[in-house]
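K.L.:
Protein chains in written order, with the working numbering: chain A, 1 to 357; chain B, 358 to 685.
One structure coming up, written as structure tokens, with questions to follow.
The structure is reproduced here in structure tokens:
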């Protein structure tokens with residue numbers, strides 16, 4: 001087993017030498033920390049529920065919180081299109097999905113917001129937040145997200161949308177893992193984005209492993225971002241465990257998209273400290289030493305340290321947030337436990353398959 | 358009324374929908390300046406410009422996927438697949454994505470998209486320019502599958518497809534693009550996606566078909582009427598999915614004899630579903646075997662002319678099959 005140790009990545013700085021994250025208020029920084037923490041604790045609860053035999057399946061976003069929350073805070077949340085993938089728990093929570101909604105999906109209960117309990121957990125969708133519905137085959141969302149971005153460009157070109165109207169989506173962002181960039185669908189979506197200079201952001205959350213297959217068995221380049229050049233798209237690498245660096249690079253890509261200056265491929269280098277899913281055992285394909293090395297780069301403890309140093313948080317505030325997260329997750333779990341299962345008949349009725357004319 | 362070809366009716370439907378709704382756009386390979394390899398979009402590029410008639414990269418999956426994304430953002434894409442034979446790379450997007458979107462999002466996201474694809478043999482297209490693929494897609498809940506056989510229906514069904522809130526696969530019998538002519542009303546109209554249509558009334562035998570075969574069946578019905586005095590009812594299926602079970606059954610109640618004609622491979626073709634509907638729901642009306650006339654079970658239509666001609670069901674073969682069944 002090859003060791004994939006974390007590497008130092010230089011923080012992204014704009015042409016003017018500034019960092020967009022420098023102007024974030026203390027309140028916003030605390031909110032960002034809160035979303036990371038809430039996602040982590042909710043994710044941990046899902047693992048516990050699985051090990052207790054109370055849920056059938058969990059697929060984790062653990063370790064990815066920095067790039068997801070950083071991305072979520074950079075865009076117009078709930079307005080800009082987001083076509084996520086199954087690890088995007090922290091991202092969709094940041095946009096407005098609730099812990100209760102996630103708990104309902106874990107248990108397949110009525111009122112589950114993504115699919116009404118039809119899809120597996122973590123197959124997110126929330127139309128009221130402009131979060132698109134995705135499937136399990138990977139990278140299918142990428143060319144669709146290019147289609148969303150194409151629609152934005154089309155509406156602006158035909159006067160159907162004011163380019164400065166911030167109540168309308170002005171970019172489409174999609175997420176996927178590095179393994180998914182081996183799919184032809186990723187290539188075809190990137191190609192459209194490049195040809196038409198679409199307001200499009202592709203956030204590749206590179207956690208080194210596609211289930212068990214490491215990066216070097218997936219592609220012959222060190223950085224997915226290198227591939228962007230082939231599409232005439234700008235490709236940027238960012239430390240995916242540094243939330244402020246992720247926010248910076250996402251803000252840059254957002255401004256570019258809003259200005260009509262085209263798409264960006266962002267490769268966030270991160271790590272999944274847990275198995276691929278509740279059905280996986282990662283001991284067969286990576287060393288414990290490697291996992292421990294990456295745990296030292298944990299995005300939440302790193303951000304906590306920054307906020308403590310800056311005086312944005314103190315230990316009391318951290319403890320309060322922990323208490324709040326636990327209470328919220330407990331309440332979500334109780335609500336989901338108490339919720340009924342969906343009615344069977346309407347879900348098996350062929351009439352539920354077609355939108356009414 | 359005007360007499361026009363099938364392809365002119367298809368083009369007129371797109372032209373009217375482009376003029377009616379600015380959200381409608383066309384994308385596909387060579388649909389722009391070239392006007393499509395069959396000229397289905399001829400003149401539309403000059404009329405509506407490159408931002409609405411959009412030459413796609415040579416990648417069918419992306420044509421469909423861009424359409425799905427744009428449709429979910431409330432545009433009304435018409436995606437052209439140059440030949441149905443080239444649709445396979447887009448299967449994942451059509452069957453796993455477009456077809457399942459409404460259901461998997463519990464009725465929140467929908468995909469108002471039309472996919473046009475010329476299909477069918479008899480034009481020297483061999484294995485990869487002749488395929489009939491409707492049966493793959495009619496096995497997929499969430500799609501609507503439409504195949505017109507007359508200019509009237511071609512125009513009216515395509516306009517309905519563009520306005521439908523669901524993904525509609527619209528297969529065009531390319532052999533009939535210029536061979537089939539018919540009357541088209543001057544005024545605005547649509548044809549509802551759903552009901553089958555009786556195009557020739559009769560009482561001895563019912564023939565079910567769609568696309569080019571529905572056209573051939575009309576010819577065969579006239580032949581057996583003139584030569585043998587057999588009264589044939591032709592049911593143009595035209596919407597294959599959702600299945601109009603009541604419409605299919607109706608004619609059978611009268612004749613008790615059914616011949617189903619399709620140019621796809623015989624085994625597991627769309628005719629099998631029609632046969633099953635009749636066997637199940639029409640048993641008490643049955644007055645003979647339910648017969649299918651279809652292409653042989655070889656991987657495609659071969660190129661060499663005499664082999665191609667023998668592969669295809671023809672008006673003559675259909676007439677013979679009607680005679681056989683009438684005599685049963």
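In this text, a Cβ means the ideal position worked out from N, Cα and C, and glycines have one as well.
As the structure is a computational prediction, the values presented were derived from the model and not from experiment.
So the candidates are A:159, A:188 and A:206; which of them puts its Cα closest to the Cα of residue 178 (chain A)?
P.N.:
Residue 178 (chain A) has its Cα closest to that of A:206, out of A:159, A:188 and A:206.
K.L.:
Could you round the C-beta distance between residue 108 (chain A) and residue 341 (chain A) to whole angstroms and report it? I think they count as a contact, below 8 Å.
P.N.:
Rounded, the Cβ-Cβ distance is 7 Å, consistent with contact.
K.L.:
Please report the straight-line C-alpha distance between residue 549 (chain B) and residue 642 (chain B), rounded to a whole angstrom.
P.N.:
Roughly 28 Å between the two C-alpha positions.
K.L.:
With DSSP collapsed to three states, give me the class of residue 15 (chain A).
P.N.:
Three-state DSSP puts residue 15 (chain A) in coil, outside helix and strand.
K.L.:
Starting from the C-beta of residue 470 (chain B), find all residues in its chain whose C-beta is less than 7 Å away, skip the five residues before and the five after it, and write them out in chain order.
P.N.:
424, 425, 428, 434, 436, 455 and 524, listed in sequence order.
K.L.:
Assuming residue 468 (chain B) is part of the beta strand (DSSP E), what are its boundary residues?
P.N.:
From DSSP, residue 468 (chain B) is part of no beta strand (DSSP E); its letter is neither H nor E.
K.L.:
Listing by chain order, which chain A residues have their CB less than 9 Å from the CB of residue 448 (chain B)?
P.N.:
Ordered by position in chain A, no residue passes the 9 Å Cβ test against residue 448 (chain B), which lies about 11 Å from the chain.
K.L.:
Does DSSP put residue 8 (chain A) in a helix, a strand or coil?
P.N.:
Residue 8 (chain A) falls in the coil class under three-state DSSP.
K.L.:
How is the beta strand (DSSP E) around residue 297 (chain A) delimited, first residue to last?
P.N.:
Counting along the chain, residue 297 (chain A) falls outside any beta strand (DSSP E), and DSSP gives it neither H nor E.
K.L.:
Taking Cβ to Cβ, would you say residue 88 (chain A) is nearer than 9 Å to residue 202 (chain A)?
P.N.:
Not in contact: residue 88 (chain A) and residue 202 (chain A) (Cβ atoms no closer than 9 Å).
K.L.:
Give a yes or no on whether the minimum CB-CB distance between residue 622 (chain B) and chain A is below 9 Å.
P.N.:
Not closer than 9 Å to any Cβ of chain A, the Cβ of residue 622 (chain B) fails to qualify, so no.
K.L.:
Tell me which residue opens and which closes the alpha helix (DSSP H) that residue 390 (chain B) is part of.
P.N.:
Residue 390 (chain B) -> no alpha helix (DSSP H), and no H or E assigned at all.
K.L.:
Residue 534 (chain B): which of B:372, B:396 and B:682 sits nearest, CA to CA?
P.N.:
Checked all of B:372, B:396 and B:682; the closest Cα to residue 534 (chain B) is B:396.
K.L.:
Exposed or buried, which one is residue 237 (chain A) when buried takes at least 16 other CB atoms within 10 Å?
P.N.:
By the neighbour-count rule (16 or more Cβ atoms within 10 Å), residue 237 (chain A) is buried.
K.L.:
At 3 residues or longer, what runs of the beta strand (DSSP E) sit wholly inside the stretch 188-260 of chain A?
P.N.:
You should have 200-206 and 234-239.
K.L.:
Measure the C-alpha to C-alpha separation of residue 268 (chain A) and residue 567 (chain B) and round it to an integer number of angstroms.
P.N.:
Their backbone Cα atoms lie some 52 Å apart in a straight line.
K.L.:
Mark residue 531 (chain B) as exposed unless 16 or more other C-beta atoms lie within 10 angstroms of its C-beta, in which case mark it buried.
P.N.:
Label assigned to residue 531 (chain B): buried.
K.L.:
Cβ of residue 602 (chain B) less than 9 Å from any chain A Cβ?
P.N.:
Not one chain A Cβ lies under 9 Å of residue 602 (chain B).
K.L.:
What does residue 145 (chain A) reach in chain B if we use C-beta pairs closer than 7 Å?
P.N.:
Ordered by position in chain B, the residues that pass the 7 Å Cβ test against residue 145 (chain A) are 426.
K.L.:
Does the pairing of the stretch 578-598 of chain B with the stretch 478-490 of chain B give three or more beta-carbon distances under 8 Å?
P.N.:
Result no; under three Cβ-Cβ pairs closer than 8 Å.
K.L.:
Is the shortest distance between the beta-carbon of residue 599 (chain B) and the beta-carbons of chain A less than 9 Å?
P.N.:
Yes, because at least one Cβ of chain A sits closer than 9 Å to the Cβ of residue 599 (chain B).
K.L.:
Could you work out which residues of chain B lie near residue 185 (chain A), taking near to mean beta carbons separated by less than 9 Å?
P.N.:
The answer, in chain order, is 418, 419, 422, 449 and 450.
K.L.:
Could you tell me which uninterrupted beta strand (DSSP E) segments, each at least 3 residues in length, are contained entirely in the stretch 552-588 of chain B, listed from first to last along the chain?
P.N.:
The stretch 552-588 of chain B contains these whole beta strand (DSSP E) runs: 554-557 and 562-566.
K.L.:
Hey, quick one: how far does the beta strand (DSSP E) through residue 664 (chain B) stretch, first residue to last?
P.N.:
Unbroken run through residue 664 (chain B) is the alpha helix (DSSP H), 662-668; no beta strand (DSSP E).
K.L.:
So residue 157 (chain A) contacts chain B; which residues on that side make the cut at Cβ distance below 9 Å?
P.N.:
Residues of chain B passing the Cβ test: 408.
K.L.:
Residues of chain B with CB closer than 8 Å to the CB of residue 189 (chain A), please, in chain order.
P.N.:
What residue 189 (chain A) touches in chain B: 419 and 422.
K.L.:
Mind checking the stretch 257-290 of chain A against chain B and listing, in chain order, the residues whose C-beta falls within less than 8 Å of any C-beta there?
P.N.:
Residues: none.
K.L.:
Quick one: does residue 566 (chain B) have its CB under 9 Å from some CB of chain A?
P.N.:
Not an interface residue.
K.L.:
Taking Cβ positions, are residue 475 (chain B) and residue 361 (chain B) nearer each other than 9 Å?
P.N.:
No, they are not a contact pair.
K.L.:
Can you name the residues of chain B whose CB is closer than 7 Å to the CB of residue 210 (chain A)?
P.N.:
The contacting residues do not exist; residue 210 (chain A) stays about 18 Å from chain B at best.
K.L.:
Hey, is the stretch 298-309 of chain A in contact with the stretch 236-254 of chain A, meaning 3+ C-beta pairs nearer than 8 Å?
P.N.:
Verdict: yes, contact present.
K.L.:
At what residues does the beta strand (DSSP E) containing residue 77 (chain A) begin and finish?
P.N.:
Counting along the chain, residue 77 (chain A) falls outside any beta strand (DSSP E), and DSSP gives it neither H nor E.
K.L.:
Under 8 Å: do the stretch 89-98 of chain A and the stretch 47-54 of chain A share three or more Cβ pairs, one atom per stretch?
P.N.:
Too few Cβ pairs lie closer than 8 Å, so no.
K.L.:
Closer than 9 Å, Cβ to any Cβ of chain A: which residues of the stretch 453-472 of chain B, in chain order?
P.N.:
Answer in chain order: 453, 454, 456, 457, 458, 459, 460, 461, 462, 463, 464, 465, 466, 467, 468 and 469.
K.L.:
Specify the secondary structure class of residue 595 (chain B) as computed by DSSP and reduced to three states.
P.N.:
If DSSP states are grouped into helix, strand and coil, residue 595 (chain B) belongs with coil.
K.L.:
For the alpha helix (DSSP H) holding residue 382 (chain B), just list the boundary residues, first then last.
P.N.:
Segment 381-385 is the beta strand (DSSP E) holding residue 382 (chain B); no alpha helix (DSSP H) there.
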